[in-house]
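Counting with the numbering used here, you get residues 1064 to 1313 for the letters of the sequence shown.
Beta carbons: idealized from backbone N, C-alpha and C, even for Gly.
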Amino acid sequence: TQSRSSAASDVYKRQMQNMQHDPRCGAILCAAEEELAPFLPHLAEEQRLSRAMLTLHIGRICGLQTVLAATGMCKVNAALAVQTVLDTVSPDFVLNAGTAGGMSPALGLFETAVTTECAYHDVAEAILTESHPRLPSVWFASDPDLLAACRRAAERAPGRVHFGRTVTGEAFITDEGRAEINARFAPLTVDMETAAMAHVCYVNRIPFAAIRSVTDTADHSGIGTFEENCARASAVSATLVLDVLRELTR
């Protein structure tokens, strides 16, 4: 047992030394394993770390040192995972990938939304603006350099790519609550993790952006629709994210 523990420690030290020698490191985080799956075949020199009951996949994508992880669904799991990744491997930026519910009628199934800013739709504004972290508004802005890379990659995307707001909350949105959220926030998409990830990146001053593809809309709603479309939408999102990584390594 002591020998295995020592060997694991040595592997961890080598991984950290390799990452420290790299000029840049990125993290790609998805809520679910199914959303993460399209990235794993692209990860070269893969090594794995276990932290806080999470599996961190560390290797290279497009020549860039990259950390992949499935965070688990909902805000607390997402926030916990982001902080764990930041504390463990110190990435220079975080990209959130995967799927989302379409809120704007402009979005169709399997189209992609790049988040320009995100907010919680189920947290009182004063909690974030009048106490820590004392935001100027409820919105977490995505990093401009990451957005620029997203825009360049979007020009080559095979499907439609939209840029706009995302809102996050604990509930899966079908018909109930849709009209109120649209009236208050006018988002492109809704999900259960993005704002929590952006929140953690904001307080740690780490660049963040999110790229998610649509599994369900007002016309095609319900958890069953999400489950049916998740794999395909995840692959669409991953295609754009991989092209963004290529932009970042040019």
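Residue i bridges to which residues according to DSSP?
i: Tyr1183; result: Thr1231
i: Gly1165; result: Thr1252
i: Ser1200; result: Ser1200 is not bridged to any residue.
i: His1195; result: The partner list for His1195 (beta bridge, DSSP) is empty, contrary to what the question assumes.
i: Thr1178; result: Gly1227
i: Asp1282; result: Paired residues: none, contrary to the question.
i: Ser1113; result: Thr1118
i: Asn1159; result: Leu1092, Ala1273
Once DSSP output is grouped into helix, strand and coil, what is the label at residue i?
i: Glu1096; result: helix
i: Ile1124; result: strand
i: His1084; result: Because His1084 sits at a pLDDT of 46, beneath the cut-off of 50, its placement in the model cannot be relied upon, and the following sentence gives the value as read from the coordinates. Looking at His1084 - three-state DSSP - the assignment turns out to be helix.
i: Ala1212; result: helix
i: Arg1247; result: helix
i: His1262; result: helix
i: His1105; result: helix
i: Thr1147; result: helix
i: Leu1305; result: helix
i: Thr1129; result: strand
i: Phe1289; result: helix
i: Arg1219; result: coil
i: Ile1274; result: strand
i: Ile1091; result: strand
i: Ser1153; result: coil
i: Thr1134; result: coil
i: Ser1297; result: helix
i: Glu1239; result: coil
Would you say residue i and residue j are within 8 Å of each other, going by their C-beta atoms?
i: Phe1156; j: Ile1269; result: yes
i: Ile1286; j: Phe1235; result: yes
i: Glu1180; j: Ser1153; result: no
i: Leu1158; j: Leu1131; result: no
i: Leu1143; j: Gly1122; result: no
i: Val1019; j: Val1177; result: Nothing in the structure corresponds to residue 1019, since the chain is present only between 1064 and 1313.
i: Leu1172; j: Val1277; result: yes
i: Cys1088; j: Arg1309; result: no
i: Val1139; j: Ala1090; result: no
i: Asp1282; j: Phe1289; result: no
i: Leu1251; j: Leu1170; result: yes
i: Glu1233; j: Met1260; result: no
i: Pro1199; j: Tyr1265; result: no
Out of the options, point me to the one whose CA is closest to residue i's CA.
i: Cys1213; options: Phe1102, Val1307, Glu1096; result: Val1307
i: Ala1249; options: Ala1298, Glu1188, His1184, Thr1257; result: His1184
i: Pro1104; options: Glu1291, Leu1198, Val1224, Ala1298; result: Ala1298
i: Phe1203; options: Glu1174, Gln1110, Ala1095, Ala1258; result: Ala1258
i: Arg1111; options: Leu1198, Gly1135, Pro1101, Thr1151; result: Thr1151
i: Ala1141; options: Asn1267, Asp1208, Ala1094, Ala1272; result: Ala1094
i: Leu1127; options: Cys1293, Glu1108, Leu1170; result: Glu1108
For residue i, is the beta carbon positioned less than 7 Å from some heavy atom of the ligand PLP?
i: Ala1133; result: As far as ligands go, the structure on display features none, and thus does not contain the ligand PLP.
request  = Spell out a yes or no on whether the stretch 1160-1176 and the stretch 1230-1245 are touching, meaning 3 or more CB-CB pairs, one atom from each, closer than 8 Å.
outcome  = yes
inquiry  = Does the stretch 1208-1226 come into contact with the stretch 1302-1313, if we say contact requires no fewer than three beta-carbon pairs (one atom in each stretch) closer than 8 Å?
reply    = yes
query = Does the count of Cβ pairs from the stretch 1224-1234 and the stretch 1109-1122 closer than 8 Å reach three?
reply = no
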